[in-house]
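Colleague:
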């Protein structure tokens, strides 16, 4: 799931300066689940902006998902009435809105942070970097790319102390976790294999990514 | 002297106490406070079955040594002995005076919270916590009302064993194991060698249906002296937490008796806990001596009905009936809008009673939504505390009000006795838990110093009736009752501020006393997180405050209002200064 958190209100206020009719738009997808851009957050942000005495007319809205064209279509009317949208969806939602409504000012109300999961209610942790070349099969289901501060493929580094990372002692050392997992699986011998340098072209280093599944792809009309 | 009718009164809660008072003059009453022997001490505190059992065991042995024989799930007899007992108790039912008394007797007694605090410190076994090294009792306060606290007690037992390497036993009377989690937990406790001792088996009604009623309780885990076998003419049922289907069943059974005038058996509201909280679902028999005959028929019917259902004395054993109780606030119900639910599981995680489950929602499929299931609330289990509603990020949980008969919004004016003008013309909204804050507010409003009050939909008294007092009025206080302080979310507070309130107070129960386990703590946290946001919005940070108090804590309630008013005034003065200053600066520049 995409994890995001609300931007500082000061930042939001600065973005909205000068706008007269603002639509605060939430998303019922990941942004709701990570408590950053659901209906509650939309109402809270709108309420706080009004309390602050923001002179703009502030409306509230929410979409099923801001990352699907069909859903984005549904707010045409609201968009016409607004001169700016504060999107509380992830960066994808913000961009989708901007793409669909090119004449509209669209601002991000949240900082899209990472791909992760909830540790408990109200706490989340990163688990995936979407690097495009999954190696979890070799690391016992613990990702060193996302969870090791140095993205080491042949870890651990010398800074692993007591199972914790030297960059942040609160964080578990990913390679310790990998070691523990593999020892439970009886596959410690895998660690003796040296991992060759990775092909990062399928990750971010290859530029913006996209792909097509030909069997599913719709005909371009 | 005429022989009195023999009655066994079951129910040792507030309802039982009050029923006992009213029954005592007319009958020879045996009040079952625990499956041992009754005692009609109306002034005595309500005591937990399991606690009494454990204390009894302790007091009957020398030097605090004691022995417990218990039967495990597999039927194997287990024996254990120890020196020290630690009693952990469901927070909301803990009685300070009861525990004080035990402590005075020199028995080591810890409340659930205290025990938890100690465990947080993680002492080494036998080091800083020697008294725990041999034995610890964790009493899971059973009963339908305490699903969450029972779970907590079970978890504590686990912790005691794993972290302190001490022995632990769970005493219970009616564990709320209706929820799978508890059942699993119970199994895991047993597998870890933790003794699970049932203190009271369900009472059995014996006989062919002819009077007198024969009541029997047998439990293999109990010493023979603790078993009961009693004879009575009637059983009086006094249960404050009876689930509504069960209540209806009993009422129906009574109706089928056809001889029973409806006045004889009815639901009544009794006041429990602090003596102020109304609770529904108590049976009371009116005009007892005159109606003995009808009553007897009714009870026979009840008993027959119970036997027919193949249950053992069902109305008395509420936990066995449904596993859980029903306790939604009067006339209110929480419902999930399946189309809004994001399946984030927040409600499932925060519900203190385990009332949330997930079910297929056909309407979602029709709408082509991502998931075709949504959260749902089990009404039999839900207490209506509203914590889930306040936490739901999708605003999918709504409170539906039907024939609401509970406490209503109330307003009164705060006296400006010193005529300082403090807070004059200000409006404060108070969200009061209906178990504490709201009751305190009611009392405050009834004080002669309160200028006047308006309750519910009643119109305010005419101005002439106010006499000389209006000029003393400082602030207007609007009190809104909530089922739990935990149901007050940030948005509710913001909305009040938007609507013109100058300050918002949340009066919750004391930390350990939340009926919903953690509602008050969550409210406090949530309100704390609002402060920086309010500051940004140009409001004063302490315009909003959460205060823990009990219904009788009028001083604390008063103080919190005064403090808030003072803070608002100071802030207003500062704002005034600042604007003066900037005006002067502007004038200077010009």
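Protein chains in written order, with this note's numbering: chain A, 644 to 864; chain B, 2 to 591. The beta carbon of each residue, even a glycine, is placed where N, CA and C say it ideally should be.
1) Residue 379 of chain B: buried (16+ other C-beta within 10 angstroms of its C-beta) or exposed?
2) Could you tell me which chain B residues have their CB closer than 8 Å to the CB of residue 756 of chain A, listed as they occur along the chain?
3) So what does DSSP say about residue 852 of chain A, is it helix, strand or coil?
4) Is it true that the CB of residue 364 of chain B sits closer than 8 Å to the CB of residue 339 of chain B?
5) Confirm, please, whether the CB-CB distance from residue 704 of chain A to residue 684 of chain A is below 8 Å.
6) If you measure between the beta carbons of residue 691 of chain A and residue 666 of chain A, is that distance less than 8 Å?
7) Which first and last residues belong to the alpha helix (DSSP H) in which residue 657 of chain A is found?
8) Using a Cβ distance threshold of 8 Å, determine whether the stretch 743-754 of chain A contacts the stretch 763-773 of chain A, with at least three qualifying pairs required.
9) Starting from the beta carbon of residue 386 of chain B, find every residue of chain A whose beta carbon is closer than 7 Å, and list them in chain order.
10) Thinking residue 385 of chain B and residue 333 of chain B are a contact (beta carbons under 8 Å), I'd like their distance in whole angstroms, please.
11) Which of the three DSSP states is assigned to residue 483 of chain B in this structure?
12) Would residue 831 of chain A be called buried (16 or more neighbouring beta carbons within 10 Å of its own) or exposed?
13) Counting only C-beta atoms, is residue 345 of chain B closer than 8 Å to chain A at any point?
14) Using a 10 Å radius around the Cβ and a threshold of 16 neighbouring Cβ atoms, would you call residue 848 of chain A buried or exposed?
15) Could one say the Cβ of residue 499 of chain B lies closer than 8 Å to chain A's Cβ atoms, at least one of them?
16) Take residue 648 of chain A and list the residues in its own chain whose beta-carbon comes closer than 8 Å to its own, dropping the five residues that flank it on each side.
17) Taking residue 716 of chain A as the query, report the chain B residues whose CB atoms sit under 8 Å from its CB, ordered along the chain.
18) How about residue 725 of chain A and residue 664 of chain A: are their beta carbons less than 8 Å apart?
19) For the structure I just gave you, are there three or more beta carbon pairs, one from the stretch 504-511 of chain B and one from the stretch 421-435 of chain B, closer than 8 Å?
20) Rounding to the nearest angstrom, what Cα-Cα distance links residue 737 of chain A and residue 659 of chain A in this structure?
21) Taking the continuous alpha helix (DSSP H) assigned at residue 741 of chain A, which residues delimit it?
22) Taking buried to mean at least 16 other C-beta atoms within 10 Å of its own C-beta, is residue 560 of chain B buried or exposed?
23) Does DSSP classify residue 493 of chain B as helix, strand or coil?
24) Taking residue 686 of chain A and residue 656 of chain A to be in contact with their CB atoms under 8 Å, please state how far apart those CB atoms are, rounded to whole angstroms.
25) Determine the extent of the beta strand (DSSP E) in which residue 755 of chain A is found, giving its start and end residues.
26) Looking at C-alpha atoms only, which residue of A:710, A:833, A:817 is the closest neighbour of residue 793 of chain A?
27) Could you give the DSSP three-state label for residue 669 of chain A: helix, strand or coil?
28) Between residue 500 of chain B and residue 410 of chain B, is the Cβ-Cβ spacing less than 8 Å?
29) Contact criterion: CB-CB distance below 8 Å. Does residue 426 of chain B meet it with respect to chain A?
30) Whose CA, out of B:556, B:437, B:373, B:522, lies closest to the CA of residue 351 of chain B?
31) With 8 Å set as the bound, which would you pick, yes or no: does the beta-carbon of residue 659 of chain A sit closer than that to a beta-carbon of chain C?
32) Compare the Cα-Cα distances from residue 776 of chain A to each of A:844, A:717, A:693 and report the closest residue.
33) Let me know the secondary structure DSSP gives residue 822 of chain A once reduced to three states.
34) Would residue 506 of chain B count as contacting chain A if we go by Cβ distances under 8 Å?
35) Do residue 392 of chain B and residue 434 of chain B have their C-beta atoms closer together than 8 Å?
Modeller: On the basis of the data shown:
1) By the neighbour-count definition (other C-beta atoms within 10 Å, threshold 16), residue 379 of chain B is a buried residue.
2) Residues of chain B passing the Cβ test: none, with the nearest at roughly 16 Å.
3) The answer is coil: DSSP assigns residue 852 of chain A none of H, G, I, E or B.
4) The Cβ-Cβ distance between residue 339 of chain B and residue 364 of chain B falls below 8 Å.
5) no
6) no
7) Unbroken alpha helix (DSSP H) run through residue 657 of chain A: 652-659.
8) no
9) What residue 386 of chain B touches in chain A: nothing, since even the nearest Cβ is about 16 Å away.
10) 5 Å
11) strand
12) exposed
13) yes
14) exposed
15) yes
16) 677, 679, 753, 754, 756
17) Under the 8 Å cutoff, chain B gives no residues; its nearest Cβ is about 14 Å from residue 716 of chain A.
18) yes
19) yes
20) 15 Å
21) Element bounds for residue 741 of chain A: 734-743.
22) exposed
23) helix
24) Not quite, the Cβ-Cβ distance comes to about 17 Å (not below 8 Å), so this is no contact.
25) It spans 753-763 - the beta strand (DSSP E) in which residue 755 of chain A sits, taken as one unbroken run.
26) A:817
27) strand
28) no
29) no
30) B:522
31) The structure shown has no chain C; the protein chains it does contain are A and B.
32) Residue A:844 is the option with its Cα nearest to residue 776 of chain A.
33) helix
34) It does not; no Cβ of chain A falls within 8 Å.
35) no
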